[in-house]
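Engineer:
Protein chains: 2
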Amino acid sequence: MSGPELHPDIAPLGFLLGSWIGEGTGYYSTIEDFAYGEEIRVSHVGKPFLSYTQRTWSLDDGRPLHGESGFWRLTGGTHVELVIAHPTGVVEVAEGELSGTSIALATTATAKTQSAKDVEQLTRDIRVRHDELAYDLHMAAVGQPLQPHLRARLTRTGA
Amino acid sequence: MSGPELHPDIAPLGFLLGSWIGEGTGYYSTIEDFAYGEEIRVSHVGKPFLSYTQRTWSLDDGRPLHGESGFWRLTGGTHVELVIAHPTGVVEVAEGELSGTSIALATTATAKTQSAKDVEQLTRDIRVRHDELAYDLHMAAVGQPLQPHLRARLTRTGA
Numbered sequence: 002m003s004g005p006e007l008h009p010d011i012a013p014l015g016f017l018l019g020s021w022i023g024e025g026t027g028y029y030s031t032i033e034d035f036a037y038g039e040e041i042r043v044s045h046v047g048k049p050f051l052s053y054t055q056r057t058w059s060l061d062d063g064r065p066l067h068g069e070s071g072f073w074r075l076t077g078g079t080h081v082e083l084v085i086a087h088p089t090g091v092v093e094v095a096e097g098e099l100s101g102t103s104i105a106l107a108t109t110a111t112a113k114t115q116s117a118k119d120v121e122q123l124t125r126d127i128r129v130r131h132d133e134l135a136y137d138l139h140m141a142a143v144g145q146p147l148q149p150h151l152r153a154r155l156t157r158t159g160a
Numbered sequence: 002m003s004g005p006e007l008h009p010d011i012a013p014l015g016f017l018l019g020s021w022i023g024e025g026t027g028y029y030s031t032i033e034d035f036a037y038g039e040e041i042r043v044s045h046v047g048k049p050f051l052s053y054t055q056r057t058w059s060l061d062d063g064r065p066l067h068g069e070s071g072f073w074r075l076t077g078g079t080h081v082e083l084v085i086a087h088p089t090g091v092v093e094v095a096e097g098e099l100s101g102t103s104i105a106l107a108t109t110a111t112a113k114t115q116s117a118k119d120v121e122q123l124t125r126d127i128r129v130r131h132d133e134l135a136y137d138l139h140m141a142a143v144g145q146p147l148q149p150h151l152r153a154r155l156t157r158t159g160a
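These protein sequence lines are chains D and S, in that order.
In terms of my numbering, the first sequence opens at residue 2 and continues consecutively.
In terms of my numbering, the second sequence opens at residue 2 and continues consecutively.
(1) Can you tell me the Cβ-Cβ gap for THR114 of chain S and VAL120 of chain D, rounded? I've got them flagged as a contact below 8 angstroms.
(2) Could you confirm whether any beta carbon from chain S is found closer than 8 angstroms to the beta carbon of HIS8 of chain D?
(3) My output table needs one value for LEU99 of chain S: the three-state DSSP class, helix, strand or coil.
(4) Suppose you measure from the CA of LEU155 of chain S to the CA of ILE41 of chain D; what does that come to, to the nearest Å?
(5) Exposed or buried, which one is PRO88 of chain D when buried takes at least 16 other CB atoms within 10 Å?
(6) Go to PRO65 of chain S, then tell me how far its beta strand (DSSP E) extends in each direction, as first and last residue.
(7) Kindly list the residues whose CB is nearer than 6 angstroms to the CB of ASP10 of chain D, restricted to its own chain and excluding five residues on each side of it in sequence; keep chain order.
(8) ARG152 of chain S: which of S:HIS139, S:VAL143, S:PRO146 sits nearest, CA to CA?
(9) Please report the distance separating the alpha-carbon of HIS8 of chain S from that of PHE16 of chain S.
(10) Please confirm if ALA105 of chain S has its CB atom under 8 angstroms from at least one CB of chain D.
(11) For GLY38 of chain S, which residues in the same chain have their Cβ closer than 6 angstroms to its Cβ, ignoring the five residues on either side in sequence?
(12) If the cut is a Cβ gap below 8 angstroms, which residues of chain D does ALA86 of chain S touch?
(13) On the criterion of 16 or more Cβ atoms from any shown chain inside 10 Å, does MET2 of chain D qualify as buried, or is it exposed?
(14) Quick check: what's the CA-CA separation for GLU96 of chain S versus HIS131 of chain D?
(15) How long is the line joining the alpha carbons of ARG125 of chain S and THR108 of chain S, rounded to whole angstroms?
(16) Please identify the residue among S:GLY101, S:GLU69, S:VAL46 whose C-alpha is closest to the C-alpha of GLU6 of chain S.
(17) Please check if any C-beta of chain S sits within less than 8 angstroms of the C-beta of VAL46 of chain D.
(18) Our contact map puts TYR28 of chain S next to PRO149 of chain S with C-beta atoms below 8 angstroms; I'd like the distance itself, whole angstroms only.
Laid out in structure tokens, this is it:
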């Protein structure tokens with residue numbers, strides 16, 4: 002697909018670009034384990050950010066589970082910023098560090114609508130190797146301490 | 002396009018669904034007026050929210066200007082909640098009221114990344130009549146009081 006050149010300020014995150022599909026497992030101390038399918042899309046328009054959308058579905062019956070969307074930014078070559086809207090009525094800012102093709106992020110700020118139930122604190126560890134993306138997400142929510150919540154592995158299916 | 006039924010909790014916002022294309026004009030006390038093209042996409046997966054992405058481009062040379070993404074929610078039949086991520090490193094919560102097929106929203110909370118420059122306060126007045134969507138956006142930013150900033154008119158081009 003032809004398009005604008007990747008902006009140099011965001012080029013070190015270019016390894017995230019593309020459509021990714023895969024499967025993951027969810028855990029939490031308060032619920033049963035569950036298996037999910039996931040699609041992630043990361044694109045750009047030539048400006049110094051990447052656009053991001055994500056959705057997951059149950060591997061049991063295909064029903065939609067979660068979704069989120071937002072933007073990736075990079076400053077100083079290694080400081081990664083992710084701004085995300087969640088359909089639960091929560092917006093999240095996550096920041097962290099890029100190391101090679103690995104990214105470690107933690108929630109730094111959140112805000113929510115009047116009706117949103119709870120605000121979660123998350124950490125995300127993302128590793129990309131060629132066309133494989135793996136992540137581990139830890140979550141502190143519903144009064145529980147930070148603990149493993151999601152682990153998935155996706156394959157790049159297109160640019 | 003066939004798909005899941007619209008969730009009844011969000012059905013009163015169903016008039017937003019579709020792909021919209023149009024043009025607008027931007028104003029601000031600190032800049033020259035400018036003309037822009039805009040595409041808005043609103044979709045759903047059968048859960049009680051609508052997914053939203055938007056992008057604008059200059060009518061001068063087609064270069065991308067802004068973009069945002071997030072989710073629409075509705076509680077109590079008329080209380081509208083919009084959570085948005087902006088590529089400027091800002092996340093925004095806007096809330097307001099639905100009246101027929103008109104929506105009036107104002108920013109209620111924001112958060113930002115370390116590198117984001119400023120946080121804006123916005124109001125959005127959106128009116129849909131059949132396949133035409135018009136909006137007025139007011140903005141308080143860069144030390145300026147709330148004032149008209151964007152006005153656009155879009156046409157629904159698809160479901």
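From the three backbone atoms N, C-alpha and C, an ideal C-beta is built for every residue, glycine too.
Structural biologist: On the basis of the data shown:
(1) In the second sequence, residue 114 of chain S corresponds to position 113, counting from 1. In the first sequence, residue 120 of chain D corresponds to position 119, counting from 1. No, THR114 of chain S and VAL120 of chain D are not in contact; Cβ-Cβ is about 17 angstroms, not under 8 angstroms.
(2) Against the first sequence, residue 8 of chain D aligns to sequence position 7. No - not a single Cβ of chain S is within 8 angstroms of the one on HIS8 of chain D.
(3) Here residue 99 of chain S is taken as the residue at index 98 of the second sequence, counted from 1. In this structure, LEU99 of chain S counts as strand in the three-state DSSP scheme.
(4) Start at 1 with the first residue of the second sequence, and residue 155 of chain S comes out as number 154. Start at 1 with the first residue of the first sequence, and residue 41 of chain D comes out as number 40. Those two C-alpha atoms are separated by around 28 angstroms.
(5) The residue labelled residue 88 of chain D in the question sits at position 87 within the first sequence. Result: buried.
(6) Residue mapping note: residue 65 of chain S aligns to position 64 of the second sequence, counting from 1. Run containing PRO65 of chain S: 65-76, per the beta strand (DSSP E) assignment.
(7) Position 9 of the first sequence, counting from 1, holds the residue named residue 10 of chain D. Cβ neighbours of ASP10 of chain D beyond the five flanking positions: PRO49.
(8) Counting from one through the second sequence, the residue named residue 152 of chain S turns up at place 151. Out of S:HIS139, S:VAL143, S:PRO146, S:HIS139 has the C-alpha closest to the C-alpha of ARG152 of chain S.
(9) Your numbering for residue 8 of chain S matches position 7 in the second sequence. Your numbering for residue 16 of chain S matches position 15 in the second sequence. Going from the Cα of HIS8 of chain S to the Cα of PHE16 of chain S covers about 13 angstroms.
(10) On the second sequence, residue 105 of chain S is found 104 positions in, with the first residue counted as 1. Not an interface residue.
(11) Working through the second sequence from its first residue, we reach residue 38 of chain S at position 37. Taken in chain order, the residues that qualify are GLU24, TRP58, LEU60.
(12) Indexing the second sequence from 1 puts residue 86 of chain S at position 85. Under the 8 angstroms cutoff, chain D gives SER70, GLY71, PHE72, VAL84, ILE85, ALA86, VAL92.
(13) Residue numbering aside, residue 2 of chain D sits at position 1 when the first sequence is read from its first letter. Annotation note: pLDDT 49 at MET2 of chain D (below 50); position unreliable, coordinate value reported separately. Exposed, because fewer than 16 other Cβ atoms sit within 10 Å of the Cβ of MET2 of chain D.
(14) Looking up residue 96 of chain S in the second sequence gives position 95. Looking up residue 131 of chain D in the first sequence gives position 130. Taking the straight line joining both Cα atoms gives about 42 angstroms.
(15) On the second sequence, position 124 is the one that residue 125 of chain S refers to. On the second sequence, position 107 is the one that residue 108 of chain S refers to. C-alpha separation (whole angstroms): 9 angstroms.
(16) Looking up residue 6 of chain S in the second sequence gives position 5. With distances taken between Cα atoms, GLU6 of chain S lies closest to S:VAL46.
(17) Numbered from its first residue, the first sequence carries residue 46 of chain D at position 45. Closer than 8 angstroms to some Cβ of chain S, the Cβ of VAL46 of chain D qualifies, so yes.
(18) In the second sequence, residue 28 of chain S corresponds to position 27, counting from 1. In the second sequence, residue 149 of chain S corresponds to position 148, counting from 1. Sure, about 6 angstroms apart at Cβ, within 8 angstroms.
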